[in-house]
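Protein chains in written order, with the working numbering: chain G, 4 to 129; chain U, 22 to 181.
As structure tokens, the structure follows; a few thoughts come after it.
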Amino acid sequence: MTGVLGFVLVMVCGGLGAAARFVVDGAVRARRRTAFPWATVSINVAGSFLIGVVMGAVLFHDAAETWHLLVATGFCGGFTTFSTAMVETVRLVRSDRAGLAALNALGTTVAAVAACAAGLGLTAVL
Amino acid sequence: MTGDAVPHPRPAHLDPALIGLVLAGGAVGTAGRYGLSLAIPVVGGWHVATLVANVVGAFALGFLLEALLRPGAESRRTRRLRLGLGTGLLGGFTTFSSLAFEIERLFADGDPGTALAYAAATLVLGVAACVAGIVLGARVSAMRTDTGPGSADPSGGAAR
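Structure below.
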């Protein structure tokens with residue numbers, strides 16, 4: 004899947020991912036208001052697990068490259084966000100919560116890589 | 022819906038028009054990120070396209086949110102800009118999932134040094150870029166507050 008159609012489909016999937024993030028983020032925030040940005044952390048870790056599953060299917064089960072483009076590049080890319088994670092990290096520093104800020108930046112990265120590895124591992128044994 | 026007084030304004034994340042705005046912004050941001058990935062090759066295990074998108078996006082979101090910041094309730098226009106450009110476009114432009122996958126693959130390929138360096142560079146540059154964006158955005162916001170017309174729409178006070 005290449006060309007203009009492929010590009011447009013990746014865009015649509017990215018838009019759907021961003022919209023899903025907006026809805027999930029709002030729903031999580033409505034339930035619990037905490038200093039630590041659990042909503043973004045959960046979204047980024049969940050999206051990293053999903054990219055692991057999809058890329059595992061592509062790498063280990065010869066799933067079509069289309070899945071890589073639509074789900075990994077498109078949906079997961081639009082669903083997860085690095086920019087908000089950085090803004091929330093800096094906000095924690097500004098509100099004198101440097102420890103939580105470090106935990107947010109490093110913890111999200113470690114948890115996201117672990118979640119991605121878990122997704123890949125899951126598809127590897129299936 | 023007529024847009025007339027709504028007795029129970031629904032939360033932003035359940036408003037179809039605002040969800041559509043985030044979707045449109047996210048599609049544009051994704052196009053930018055995908056385009057960068059096609060244009061910039063991986064160099065020595067470093068996913069430069071992802072790094073550039075994430076660092077530029079962190080700068081731009083820091084700038085945008087700080088520049089839009091005003092005392093008092095958020096206006097309708099400000100909220101649309103924040104959701105369309107921030108949550109949508111810049112959220113879609115940057116990615117945590119690709120970053121995680123790229124780091125995981127570097128570890129899996131037996132190159133933990135590059136994995137850790139890539140992760141550390143992304144986080145350090147991301148935080149630094151975000152701070153730079155916030156500092157610049159604060160200046161813009163201060164300039165607009167000093168000289169601005171003070172015409173912020175007071176009717177749009179509906180919460181975020």
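Just so you know, even glycine gets a beta-carbon here, dropped at the ideal spot from N, CA and C.
For clarity, every value in this text was computed on a predicted model and none was experimentally measured.
request  = Measuring only between beta-carbons, confirm whether G/Arg-24 sits less than 9 Å from chain U.
outcome  = Residue numbering aside, residue 24 of chain G sits at position 21 when the first sequence is read from its first letter. Answer yes: the Cβ-Cβ gap between G/Arg-24 and chain U drops below 9 Å somewhere.
G/Leu-73 versus G/Val-27 - alpha carbon distance = Stepping through the first sequence from its first residue, residue 73 of chain G is reached at position 70. Stepping through the first sequence from its first residue, residue 27 of chain G is reached at position 24. Approximately 20 Å between the Cα atoms of the pair.
key: Alpha-carbon spacing of U/Ala-70 relative to G/Ala-60, whole angstroms   = Within the second sequence, the letter at position 49 stands for residue 70 of chain U. Within the first sequence, the letter at position 57 stands for residue 60 of chain G. Their backbone Cα atoms lie some 24 Å apart in a straight line.
inquiry  = Beta-carbon within less than 7 Å of U/Leu-59's beta-carbon, same chain only, minus the 5 sequence neighbours each way: which residues are those?
reply    = The residue given as residue 59 of chain U occupies position 38 in the second sequence. So no residue of the chain qualifies.
key: Three-state secondary structure assigned by DSSP to G/Leu-8   = The residue you call residue 8 of chain G lines up with position 5 of the first sequence. Three-state result, G/Leu-8: helix.
message = Under 8 Å: do the segment 151 to 158 of chain U and the segment 91 to 107 of chain U share three or more Cβ pairs, one atom per stretch?
response = no
request  = Write down every uninterrupted run of the alpha helix (DSSP H) in the segment 51 to 105 of chain G whose length is 4 residues or greater and which is fully enclosed by it, in chain order.
outcome  = 86 to 97
key: U/Val-63 in three-state terms, based on DSSP   = The count along the second sequence starts at 1 and reaches residue 63 of chain U at position 42. Look at U/Val-63 here: in three-state DSSP terms it is coil, with no helix or strand label.
ask   = Between U/Val-49 and chain G, is there a C-beta pair that is closer than 9 Å?
value = In the second sequence, the residue the question calls residue 49 of chain U occupies position 28. Cβ-Cβ to chain G under 9 Å: yes for U/Val-49.
request  = Run down chain C in chain order and give the residues with a C-beta less than 9 Å from the C-beta of G/Ala-108.
outcome  = This model lacks chain C altogether; the protein chains it does include are G and U.
key: Run of the alpha helix (DSSP H) containing G/Thr-37, from where it starts to where it stops   = Taking the first residue of the first sequence as position 1, residue 37 of chain G is located at position 34. Looking at the DSSP string, G/Thr-37 is not in any alpha helix (DSSP H), and its letter there is neither H nor E.
ask   = What separation, rounded to the nearest whole angstrom, lies between the Cα atoms of G/Arg-32 and G/Ala-22?
value = Numbered from 1 along the first sequence, position 29 holds the residue referred to as residue 32 of chain G. Numbered from 1 along the first sequence, position 19 holds the residue referred to as residue 22 of chain G. Rounded to the nearest angstrom, the two C-alpha atoms are 15 Å apart.
message = Rounding to the nearest angstrom, what Cα-Cα distance links G/Glu-68 and G/Ala-75 in this structure?
response = By one-based count along the first sequence, residue 68 of chain G stands at place 65. By one-based count along the first sequence, residue 75 of chain G stands at place 72. Spanning the two alpha carbons is a distance of roughly 10 Å.
Status (buried if at least 16 other CB within 10 Å, exposed otherwise) for U/Ala-88 = Indexing the second sequence from 1 puts residue 88 of chain U at position 67. The residue is buried, with at least 16 neighbouring Cβ atoms inside 10 Å.
request  = With distances taken Cα to Cα, identify the nearest neighbour of G/Arg-24 among G/Met-89, G/Ala-88, G/Ile-46 and G/Leu-8.
outcome  = For the purposes of this step, residue 24 of chain G is taken as residue 21 along the first sequence, with counting starting at 1. Comparing Cα positions, the closest option is G/Ile-46.
task = State yes or no: is the C-beta of G/Ala-120 within less than 9 Å of the C-beta of U/Glu-125?
result = To locate residue 120 of chain G, count along the first sequence from 1; it is residue 117. To locate residue 125 of chain U, count along the second sequence from 1; it is residue 104. Their beta carbons are under 9 Å apart, which means G/Ala-120 touches U/Glu-125 by this criterion.
task = Quick one: grab the DSSP three-state call for U/Arg-91.
result = Counting from 1 along the second sequence, the entry for residue 91 of chain U is found at position 70. Three-state DSSP puts U/Arg-91 in coil, outside helix and strand.
ask   = Quick one: Cα of U/Leu-106 to Cα of U/Ala-38, how far?
value = The residue you call residue 106 of chain U lines up with position 85 of the second sequence. The residue you call residue 38 of chain U lines up with position 17 of the second sequence. The alpha-carbon atoms of U/Leu-106 and U/Ala-38 are separated by roughly 15 Å.
ask   = Does the beta carbon of G/Gly-6 come closer than 9 Å to any beta carbon on chain U?
value = Along the first sequence, read from residue 1 onward, the residue named residue 6 of chain G stands at position 3. Not an interface residue.
Proximity below 9 Å, CB of U/Leu-72 to CB of U/Ala-142 = Translated into the one-based positions of the second sequence, residue 72 of chain U becomes position 51. Translated into the one-based positions of the second sequence, residue 142 of chain U becomes position 121. Yes, these two residues count as a Cβ contact at 9 Å.
message = Beta-carbon within less than 6 Å of G/Val-13's beta-carbon, same chain only, minus the 5 sequence neighbours each way: which residues are those?
response = Indexing the first sequence from 1 puts residue 13 of chain G at position 10. So the qualifying residues of the chain are Leu-72, Thr-76 and Gly-77.
ask   = With a CB to CB cut of under 8 Å and the five nearest residues on each side skipped, what residues in its chain are close to G/Leu-8?
value = The residue you call residue 8 of chain G lines up with position 5 of the first sequence. So no residue of the chain qualifies.
ask   = Would DSSP call U/Phe-117 helix, strand or coil?
value = Counting from one through the second sequence, the residue named residue 117 of chain U turns up at place 96. U/Phe-117 falls in the coil class under three-state DSSP.
ask   = Which one of U/Leu-144, U/Gly-66 and U/Gly-158 has the shortest CA to CA distance from U/Asp-130?
value = Taking the first residue of the second sequence as 1, we reach residue 130 of chain U at position 109. That would be U/Gly-66, whose Cα lies nearest to the Cα of U/Asp-130.
query = Are G/Leu-103 and G/Phe-52 closer than 9 Å when you measure CB to CB?
reply = Taking the first residue of the first sequence as 1, we reach residue 103 of chain G at position 100. Taking the first residue of the first sequence as 1, we reach residue 52 of chain G at position 49. With a cutoff of 9 Å on beta-carbon distance, G/Leu-103 and G/Phe-52 are scored as not near each other.
ask   = DSSP state of U/Arg-31, grouped into three classes?
value = Position 10 of the second sequence, counting from 1, holds the residue named residue 31 of chain U. If DSSP states are grouped into helix, strand and coil, U/Arg-31 belongs with coil.
query = For G/Leu-109, does the three-state DSSP call read helix, strand or coil?
reply = For the purposes of this step, residue 109 of chain G is identified with residue 106 of the first sequence, where counting begins at 1. Here G/Leu-109 sits in helix by DSSP.
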